[in-house]
Amino acid sequence: MTLVIMVAYYLLCAYLAGILFWNFLREKKSREELWLSLLVMVPLVLRLLRVK
Amino acid sequence: MTRERSTKGLMAAAFAALLILGGAPLARHRRFEVPVVLGPGVTRVTRLSDICPSLKGTLGDTAVYVLEGREPGGKAVVMAGTHANEPAGLLADLIIIENAAVDKGTLFVIPSFNNSAGRNTRPGDGYPLYYDIPTDWGSKRFRMGNRDASPLDQWPDPDVYIHYPEKQLLSYIDARNSNRTWPGRPHGTIMERLTFAAMELMRREKIDVAVDLHGAETMFPVTNCIVAPERSSKIATLASLTVKATEGFDSHVEPSPPGFRGLSHREIGDHSGTAPFLLEAPIPFLDQPTGPKTVKFLLDGKDAFLLSLAGKKKLFVPYDASGWPMDKRVGQHLSVTLEILRQFSKRTPGREIVIRGVPRCADVVKNGAGRYFHDPSKADPKAVVMD
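In the order they appear, the protein sequences are chains A and B. Take our numbering: the last position of the first sequence gets the number 454, and nothing is skipped along the way. Take our numbering: the last position of the second sequence gets the number 440, and nothing is skipped along the way.
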């Protein structure tokens, strides 16, 4: 069961990182939004890379 | 359009730099290995996965250094690194591995009990990633670990950790604390498998004595002490009195509470024939109201805030401007461990555990812990284990 949750967690991380990156590409005006998208991606990417 | 692209490109580059600068030191820390020079007493090195195969390939697996004596006798385990942010125990264990010779009996030494916690970090609290111990041949670098196993190795955390087999409800974070998961089970979480493997080692080898080396805050009442259940209390008391009389330092005896489950000093005795002892040496670094958590503070234990609190009698140990240095903490662990083994041996004919070559507290304070670490570059490569 924990393995299933672990896999689901990593898929969720990848999905969130993906939509944040998509938002980053789509955003046209607000630099604040751009920075926020990138900053929120940091822990997700570190987890996906199994660093932290 | 071009301007937007170049702005986004710069931002993406800054993001990549942040990931690399922030992530690379953490990734290096997780893979950092410490060379251990096998001393004259080490006869073999095994792993806990040899006993519990479900640990194999996980960071719950860890090395067990076996020191077999020339004559048969009793058997003891000395564990450290249960909480990898309490490093005096690790250094004490490595001093035993690199220097001890066993005349009678067998010693099992597990210096990095919670191997995953030893590769976990606590940057949010400003903990350093490493610390260096000065030696006669340079300095020896160690990882500074965390109290709990890394979520990379054991995940998800439950809402509440339900202890096995007593079903006591514990904090969720204790699922990754290897001093709450004793006696463990073979197919549970990695921490439960780890403690199960250690229990199996004790049951199969008929271990007489288990010593678990820890550190505790100076503001925490259970510090500078030996925690012992009923079956170990006589030997613990004799060891406490002897080190006080002969070596001049306190290490009082605290009873192991029977209603608090999952701790080594409770479950080892309840689930095997082994007498457990948990040793706590004061570690000011772990106290909350202190200055920055620097390597210097970790090693010398000096802090102005704690000194002020000591003046107001808020600490549970004597504390003055000399702090509570690492050498003293390592020395206390070694002296109390040796004294427990000596007291056990005196009272159990035929099961003696006789060790030589291990320094006592005064020696470590005088010479420094680093004096007892050997240069891996000058040792026989076959006698160097990366741990």
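All residues carry an ideal CB built from backbone N, CA and C; glycine is no exception.
task: Taking only beta-carbon positions, decide if proline 209 (chain B) is within less than 8 Å of chain A.
output: At least one CB of chain A lies nearer than 8 Å to the CB of proline 209 (chain B).
- prompt: What's the gap between the Cα of alanine 80 (chain B) and the Cα of glycine 171 (chain B)?
  reply: Roughly 13 Å between the two C-alpha positions.
- request: Can you have a look at glutamine 341 (chain B) and say buried or exposed, based on whether 16 or more other CB atoms are within 10 angstroms of its CB?
  value: By the neighbour-count criterion, in which 16 or more other beta carbons inside 10 Å mark a residue as buried, glutamine 341 (chain B) falls on the exposed side.
field: 8 Å Cβ cut-off: residues of chain D touching tryptophan 437 (chain A)
entry: No chain D is present in this structure, whose protein chains are A and B.
task: Anything in chain A within Cβ reach of leucine 108 (chain B), meaning under 9 Å, just list it in chain order.
output: Simply none; closest approach about 15 Å.
- prompt: For isoleucine 421 (chain A), which residues in chain B fall below 7 Å Cβ to Cβ?
  reply: Within chain B, no residue comes near isoleucine 421 (chain A); the closest Cβ sits about 16 Å away, beyond 7 Å.
message: For the stretch 210-218 of chain B against the stretch 179-187 of chain B, do three or more pairs of beta-carbon atoms, one drawn from each stretch, fall closer than 8 Å, so that the two count as touching?
response: Judged by Cβ distances under 8 Å, the stretch 210-218 of chain B makes no contact with the stretch 179-187 of chain B, as fewer than three pairs qualify.
message: By the three-class DSSP mapping on this structure, what secondary structure does phenylalanine 249 (chain B) have?
response: Phenylalanine 249 (chain B): helix per DSSP, three-state reduction.
Closer than 8 Å to chain B by CB, leucine 440 (chain A): Yes - at least one Cβ of chain B is within 8 Å of the one on leucine 440 (chain A).
message: Quick check on alanine 228 (chain B) - is its C-beta less than 8 Å from some C-beta in chain A?
response: With 8 Å as the cut-off, alanine 228 (chain B) does not count as an interface residue toward chain A.
message: Against chain B, does leucine 414 (chain A) count as a neighbour if the rule is that its beta carbon must be under 8 Å from one of theirs?
response: Not one chain B Cβ lies under 8 Å of leucine 414 (chain A).
query: I think serine 224 (chain B) touches methionine 244 (chain B), with their Cβ atoms under 8 Å apart; what is that distance to the nearest whole Å?
result: Not confirmed; about 13 Å, so no contact.
message: Can you pull the chain B neighbours of leucine 448 (chain A), defined as C-beta to C-beta under 8 Å?
response: Chain B residues near leucine 448 (chain A): Leu72, Gly75, Gly76 and Leu79.
- request: Consider the Cβ of leucine 418 (chain A): report whether some Cβ of chain B lies at a distance smaller than 8 Å.
  value: Interface with chain B (8 Å Cβ-Cβ cutoff): leucine 418 (chain A) is excluded.
- prompt: Hey, is leucine 205 (chain B)'s beta-carbon within less than 8 Å of any beta-carbon in chain A?
  reply: Interface criterion met: the Cβ of leucine 205 (chain B) is under 8 Å from a Cβ in chain A.
Through-space distance from leucine 448 (chain A) to valine 418 (chain B), alpha-carbon basis: Spanning the two alpha carbons is a distance of roughly 42 Å.
- request: Indicate whether leucine 387 (chain B) and isoleucine 408 (chain B) have their beta-carbon atoms separated by less than 8 Å.
  value: Result no, Cβ atoms of leucine 387 (chain B) and isoleucine 408 (chain B) do not sit closer than 8 Å.
Enclosing alpha helix (DSSP H) for threonine 60 (chain B) [first to last residue]: The continuous alpha helix (DSSP H) containing threonine 60 (chain B) extends over residues 55-84.
field: Test: arginine 452 (chain A) CB closer than 8 Å to a CB of chain B
entry: Taking Cβ atoms only, chain B reaches closer than 8 Å to arginine 452 (chain A), which makes this a yes.
- prompt: Between B:Val119, B:Arg100 and B:Ala65, which lies nearest to threonine 111 (chain B) when the distance is taken from Cα to Cα?
  reply: For threonine 111 (chain B), the nearest C-alpha among the options comes from B:Arg100.
task: Sort B:Ser325, B:Ala269 and B:Ala251 by Cα distance to proline 282 (chain B) and report the nearest one.
output: When B:Ser325, B:Ala269 and B:Ala251 are compared, the shortest CA-CA separation from proline 282 (chain B) is found for B:Ser325.
- prompt: Should valine 406 (chain A) be flagged as near chain B, meaning a C-beta pair shorter than 8 Å?
  reply: Chain B, which has no Cβ nearer than 8 Å to the Cβ of valine 406 (chain A), makes this no.
- prompt: Taking the alpha-carbon positions, what's the glutamate 139 (chain B) to leucine 294 (chain B) distance?
  reply: Straight through space, the alpha carbons of leucine 294 (chain B) and glutamate 139 (chain B) are spaced by roughly 25 Å.
message: Does lysine 128 (chain B) pass the burial test, meaning 16 or more other C-beta atoms within 10 Å, or should it be called exposed?
response: Under this definition lysine 128 (chain B) is a buried residue.
message: Against chain A, does glutamate 333 (chain B) count as a neighbour if the rule is that its beta carbon must be under 8 Å from one of theirs?
response: At a cut-off of 8 Å between C-beta atoms, glutamate 333 (chain B) does not count as an interface residue with respect to chain A.
message: For leucine 72 (chain B) and arginine 84 (chain B), what's the separation of their Cα atoms in angstroms?
response: Cα atoms of leucine 72 (chain B) and arginine 84 (chain B): separation of roughly 18 Å, rounded to the nearest angstrom.
message: My assumption, with CB atoms under 8 Å, is that lysine 193 (chain B) sits in contact with phenylalanine 426 (chain B). Please give the rounded CB distance.
response: Contact holds; Cβ gap of about 5 Å.
query: Can you find a CB in chain A that lies within less than 8 Å of the CB of phenylalanine 68 (chain B)?
result: So, interface residue.
field: Identity of the residues DSSP links to leucine 422 (chain A) by a beta bridge
entry: DSSP, once it has assigned bridges, lists no residue as partnering leucine 422 (chain A).
Nearest candidate by alpha-carbon position, reference alanine 67 (chain B), set A:Trp437, A:Asn425 and A:Ile407: Closest option to alanine 67 (chain B), judged by alpha-carbon separation, among A:Trp437, A:Asn425 and A:Ile407: A:Trp437.
task: Would you kindly work out how many angstroms separate the C-alpha atoms of serine 203 (chain B) and glycine 403 (chain B), rounded to a whole number?
output: Whole-angstrom Cα-Cα distance: 42 Å.
field: lysine 431 (chain B), DSSP secondary structure in three states
entry: Lysine 431 (chain B) falls in the coil class under three-state DSSP.
- request: Please state if the CB of proline 308 (chain B) and the CB of serine 317 (chain B) are separated by a distance shorter than 8 Å.
  value: Between serine 317 (chain B) and proline 308 (chain B), the C-beta spacing is not below 8 Å.
message: Determine, for glutamate 86 (chain B), whether the minimum Cβ-Cβ distance to residues of chain A falls below 8 Å.
response: Output row for glutamate 86 (chain B): interface = no.
- prompt: Would you say arginine 200 (chain B) and histidine 240 (chain B) are within 8 Å of each other, going by their C-beta atoms?
  reply: Result no, Cβ atoms of arginine 200 (chain B) and histidine 240 (chain B) do not sit closer than 8 Å.
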